[in-house]
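Engineer: What follows is a structure written as structure tokens; I'll ask about it next.
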Amino acid sequence: MTTSAPQSLEHATFQNSFVEEMNGDTTFDNTPRQVPGYHYSRVVPTPVADPRLLAWSEELAAELGLRRPPEQGAAVEVLAGNRVLESMKPFAARYGGHQFGSWAGQLGDGRAISLGEVQAPDASSWEIQLKGAGPTPYSRRADGRAVLRSSIREFLCSEAMHHLGVPTTRALSLVATGDLVVRDMFYNGNARPEPGAIVARVAPTFVRFGNFQLLAATGEIDNLRRLADYVIRRYFPALGEPSPEVYERWFAEVCQRTAVLMAHWMSVGFVHGVMNTDNMSILGLTIDYGPYGWLEPYEPGWTPNTTDFATHRYAFGQQPRIGLWNLMALAQALTPLVPDPLALRPHLDEYVATFTAKRQEMLRRKLGLTAAAASDDTPLLDALLEALAAAQVDMTIFFRRLSHCTYALLTQQAEEEATWTELLATAAYPESPAAGLDQLRQWLEQYGQRVRQETADAETIRNGMLAANPKYVLRNYLAQQAIEAAEAGDLSGVRRLLHVLKTPFDEQPEHEELAAKRPEWAREKPGSATLSCSS
Ligand SMILES: Nc1ncnc2c1ncn2[C@@H]1O[C@H](COP(=O)(O)OP(=O)(O)OP(=O)(O)O)[C@@H](O)[C@H]1O
Ligand SMILES: [Mg+2]
Numbered sequence: 001m002t003t004s005a006p007q008s009l010e011h012a013t014f015q016n017s018f019v020e021e022m023n024g025d026t027t028f029d030n031t032p033r034q035v036p037g038y039h040y041s042r043v044v045p046t047p048v049a050d051p052r053l054l055a056w057s058e059e060l061a062a063e064l065g066l067r068r069p070p071e072q073g074a075a076v077e078v079l080a081g082n083r084v085l086e087s088m089k090p091f092a093a094r095y096g097g098h099q100f101g102s103w104a105g106q107l108g109d110g111r112a113i114s115l116g117e118v119q120a121p122d123a124s125s126w127e128i129q130l131k132g133a134g135p136t137p138y139s140r141r142a143d144g145r146a147v148l149r150s151s152i153r154e155f156l157c158s159e160a161m162h163h164l165g166v167p168t169t170r171a172l173s174l175v176a177t178g179d180l181v182v183r184d185m186f187y188n189g190n191a192r193p194e195p196g197a198i199v200a201r202v203a204p205t206f207v208r209f210g211n212f213q214l215l216a217a218t219g220e221i222d223n224l225r226r227l228a229d230y231v232i233r234r235y236f237p238a239l240g241e242p243s244p245e246v247y248e249r250w251f252a253e254v255c256q257r258t259a260v261l262m263a264h265w266m267s268v269g270f271v272h273g274v275m276n277t278d279n280m281s282i283l284g285l286t287i288d289y290g291p292y293g294w295l296e297p298y299e300p301g302w303t304p305n306t307t308d309f310a311t312h313r314y315a316f317g318q319q320p321r322i323g324l325w326n327l328m329a330l331a332q333a334l335t336p337l338v339p340d341p342l343a344l345r346p347h348l349d350e351y352v353a354t355f356t357a358k359r360q361e362m363l364r365r366k367l368g369l370t371a372a373a374a375s376d377d378t379p380l381l382d383a384l385l386e387a388l389a390a391a392q393v394d395m396t397i398f399f400r401r402l403s404h405c406t407y408a409l410l411t412q413q414a415e416e417e418a419t420w421t422e423l424l425a426t427a428a429y430p431e432s433p434a435a436g437l438d439q440l441r442q443w444l445e446q447y448g449q450r451v452r453q454e455t456a457d458a459e460t461i462r463n464g465m466l467a468a469n470p471k472y473v474l475r476n477y478l479a480q481q482a483i484e485a486a487e488a489g490d491l492s493g494v495r496r497l498l499h500v501l502k503t504p505f506d507e508q509p510e511h512e513e514l515a516a517k518r519p520e521w522a523r524e525k526p527g528s529a530t531l532s533c534s535s
């Protein structure tokens, strides 16, 4: 793919670096089993009945130099796994992981099948992976498939996160399979057939913490080193040729990237929902859009994942801590590669420092504050997070409105007290505690004093804030409404969200209703307020 004219996917030439450089199980036997000694298993996607293109990411396709295919035809056959190109060597990766804090042993790609890598016009290399493409040796007792509702969620959120500036795997296409998939959505004995779908995901690599963990756990140290060397040479070339010192620097880099990722999630109100170590990208990307959710009322203890209701291990406010826990698990796995395992420890402390600094920097941007040597804003920022948790206002609306209110304050367009009253009324939910709203009002008064010390003009401050506080995020109820319509054959909701979420920082007045607070009906609604891992 070196020509500049976009080409159709079926004419792309794939490279297969993972397959060629790693150790592969080439039995092509999909019997669920342990696959010791290997990094991956060669597999072939299982064809589906009637693949049709439902959605396509124009921006990602442009980056990859690909042309939008028609609804049916050769390219869609590739995106559904019905057609394997000659240059492809599809595989399922072998990995393990800690699930909800417990070591789960071998997991692996049970329904994701990588097709290989394509080279973009800018010479960057991108792996394309089909999620829901059929059984692999890692499917355990499951079917290797994915349903339409979870595939819509993965497709939309991957692209929405990218346009918000959050590091993430991408989604190129959403394809309906024409097959039915049986799922018990809440594991309560109500299994039903649902339409199946496949998302083509795209990332430089999908290697996870769990790939390393499994090799360490089974004592496959040569394979562990080989995987680390592959990842470092291909994805962290600036660190130099692999050596014990380079392994350490690489771990430090993974800590940094994970810290930055956590700061991004906290800044936009994203709750991943299943931060198991098999869902942690070695590149620091958001990976696996399962039972995720977006904070509406600001509640640090909130998670949409019903599987996690007992412990709230992966609740919004826990995420930075879990990032650290997961990095400790990765450090444990990498100890055979470094002479002094204790040498990895300081990088875990650096994770905390990087997260704290990045979080503060992002919060200051959201508030229109520049780092002033004269004032330490830490107490103000900490007090904001406490006040938001006490008031439980809508996070996205609060910050977006604040951008406009700050402008009004600085230009003296409105009286300060009235400005804050309007802001709180706009962002509050019926259940927002009155005492919490008072606390947030007091915080706003302190903030008013602080922001007046900024030297930039009001318009610059407002524009900076508007570029840091999105108007549109993939609210839980909006995704659910689009899914229900899509299941009834109407894809306009999916397409509209895809379109609006491309420019989440723009006003887009014609789409104002997609910026609305969660309606009361959505408060407890399954699929909106609550989700499970059944997908
Ligand atoms: N329907 C399924 N068929 C086979 N394996 C599955 C299925 N659903 C999940 N798995 C496997 O169960 C494990 C944990 O699932 P999890 O929900 O984290 O992943 P996922 O949503 O399938 O995928 P990914 O992490 O690739 O986005 C993984 O090994 C995954 O491949
Ligand atoms: Mg997963």
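Residue 348 in UniProt numbering sits at position 348 of the sequence shown, with consecutive numbering throughout.
A virtual CB, placed ideally from N, CA and C, is assigned to each residue, including glycine.
Note that the coordinates shown come from a computational prediction; the quantities given were computed from them, not determined experimentally.
Verify the contact flag: D143, CB atom, against every heavy atom of ligand 2, threshold strictly below 7 Å.
Structural biologist: Every heavy atom of ligand 2 is 7 Å or more from the Cβ of D143, so no.
Engineer: Quick one: Cα of F155 to Cα of R145, how far?
Structural biologist: Answer to the nearest angstrom: the Cα atoms are 15 Å apart.
Engineer: Taking one C-beta from the segment 462 to 470 and one from the segment 360 to 372 each time, how about it: are there three or more such pairs within less than 8 Å?
Structural biologist: Touching, per the Cβ criterion.
Engineer: By Cβ distance below 8 Å, which residues in the same chain neighbour W265 in space, the five residues on each side in sequence not counted?
Structural biologist: Taken in chain order, the residues that qualify are V166, V271, H272, T286, Q319.
Engineer: Of the choices W443, N16, D25, R257, whose alpha-carbon is the least far from that of D382?
Structural biologist: Nearest C-alpha to D382: W443.
Engineer: If distances are taken between C-alpha atoms only, which option among L327, F236, P300 comes closest to M275?
Structural biologist: Minimum Cα distance to M275 is reached at L327.
Engineer: By Cβ distance below 6 Å, which residues in the same chain neighbour Q480 in space, the five residues on each side in sequence not counted?
Structural biologist: Closer than 6 Å at Cβ, skipping near neighbours: G527, S528.
Engineer: Kindly confirm or deny that the segment 196 to 211 and the segment 228 to 238 touch, where touching means at least three C-beta pairs closer than 8 Å.
Structural biologist: In short, these stretches touch, since the Cβ pair count reaches three.
Engineer: Rounded to the nearest angstrom, what separates F212 and T218 at their Cα positions?
Structural biologist: Each residue's alpha carbon lies about 10 Å from the other.
Engineer: Hey, is the segment 505 to 520 in contact with the segment 391 to 398, meaning 3+ C-beta pairs nearer than 8 Å?
Structural biologist: They touch, by the three-pair rule.
Engineer: Can you determine whether any heavy atom of ligand 1 sits closer than 7 Å to the C-beta of V48, and answer yes or no?
Structural biologist: No, Cβ of V48 sits at least 7 Å from all heavy atoms of ligand 1.
Engineer: Does at least one heavy atom of ligand 1 sit under 7 Å from the Cβ of D382?
Structural biologist: Every heavy atom of ligand 1 is 7 Å or more from the Cβ of D382, so no.
Engineer: Flag this pair as touching only if the segment 300 to 318 and the segment 243 to 260 have three or more C-beta atom pairs under 8 Å; answer yes or no.
Structural biologist: Verdict: no, contact absent.
Engineer: Roughly how many angstroms separate the alpha carbons of F186 and L239, rounded to a whole number?
Structural biologist: Their backbone Cα atoms lie some 45 Å apart in a straight line.
Engineer: Taking the runs of the alpha helix (DSSP H) that are 4 residues or longer, which of them lie wholly in the segment 387 to 420?
Structural biologist: DSSP runs (the alpha helix (DSSP H)) wholly in the segment 387 to 420: 395 to 410.
Engineer: Looking at C-beta atoms only, is the number of pairs between the segment 124 to 137 and the segment 332 to 344 that lie closer than 8 Å three or more?
Structural biologist: Cβ pair count under 8 Å is below three, so no.
Engineer: Express the C-alpha separation of H98 and D143 in angstroms, rounding to a whole number.
Structural biologist: Answer to the nearest angstrom: the Cα atoms are 22 Å apart.
Engineer: Identify which residue in S150, G110, Y429 has its Cα closest to the Cα of P137.
Structural biologist: Looking at the Cα atoms, G110 is the closest of the given residues.
Engineer: In terms of residue numbering, what span does the alpha helix (DSSP H) encompassing E21 cover?
Structural biologist: Element bounds for E21: 17 to 21.
Engineer: I need the DSSP call for H162, collapsed to helix, strand or coil.
Structural biologist: Residue state, collapsed to three classes: helix.
Engineer: In whole angstroms, what is the alpha-carbon distance linking H312 and T303?
Structural biologist: One C-alpha to the other measures close to 7 Å.
Engineer: Could you tell me if the beta carbon of N279 falls within a distance shorter than 7 Å of some heavy atom in ligand 2?
Structural biologist: Correct: N279 has its Cβ closer than 7 Å to ligand 2.
Engineer: Count the CB pairs spanning the segment 89 to 96 and the segment 112 to 120 that are closer than 8 Å, and state whether there are at least three.
Structural biologist: Judged by Cβ distances under 8 Å, the segment 89 to 96 makes contact with the segment 112 to 120, as three or more pairs qualify.
Engineer: On the DSSP bridge assignment, give the partners of P195 in chain order.
Structural biologist: L180.
Engineer: Evaluate contact between the segment 161 to 179 and the segment 51 to 61, counting only Cβ atoms and requiring at least three cross-stretch pairs below 8 Å.
Structural biologist: With the cut-off at 8 Å, the segment 161 to 179 and the segment 51 to 61 touch.
Engineer: Out of Q508, Q439, Y429, which has the shortest C-alpha to C-alpha gap to W521?
Structural biologist: Nearest of Q508, Q439, Y429 to W521, Cα basis: Y429.
Engineer: Give me, in chain order, the residues of the same chain whose beta-carbon lies closer than 8 Å to that of E159; leave out the 5 immediate sequence neighbours on both sides.
Structural biologist: Excluding sequence neighbours, E159 sits near S57, E59, L60, R170, A171, L498, L501, K502.
Engineer: So the candidates are P32, Y407, L437, P433; which of them puts its Cα closest to the Cα of T421?
Structural biologist: Taking only the C-alpha atoms, the option nearest T421 is L437.
Engineer: Considering only the alpha carbon of each residue, which of Y477, R523, T406 lies closest to E454?
Structural biologist: It is T406.
Engineer: Is D288 a contact residue of ligand 2, with contact defined as CB to any heavy atom under 7 Å?
Structural biologist: Answer for D288: yes, Cβ within range of ligand 2.
Engineer: For N476, count neighbouring Cβ atoms within 10 angstroms of its own Cβ and tell me buried if that reaches 16, exposed if not.
Structural biologist: Classification for N476: buried.
Engineer: Say yes only if the C-beta of S151 is nearer than 7 Å to one or more non-hydrogen atoms of ligand 4, and no if none qualify.
Structural biologist: The model on display carries ligand 1 and ligand 2 but not ligand 4.
Engineer: Name the residue from M22, E299, A414 whose alpha carbon lies nearest to the alpha carbon of E431.
Structural biologist: Comparing Cα-Cα distances from E431 to each of M22, E299, A414, the minimum goes to E299.
Engineer: Would you please state the rounded distance, in angstroms, between the beta carbons of R208 and D308? I believe it to be under 8 Å.
Structural biologist: At roughly 19 Å, the Cβ-Cβ gap does not stay under 8 Å, so R208 and D308 are not in contact.
Engineer: Helix, strand or coil for T503, going by three-state DSSP, please let me know.
Structural biologist: Coil, per DSSP.
Engineer: Where do the N-terminal and C-terminal ends of the beta strand (DSSP E) with I113 fall, by residue?
Structural biologist: Here the beta strand (DSSP E) through I113 covers 112 to 119.
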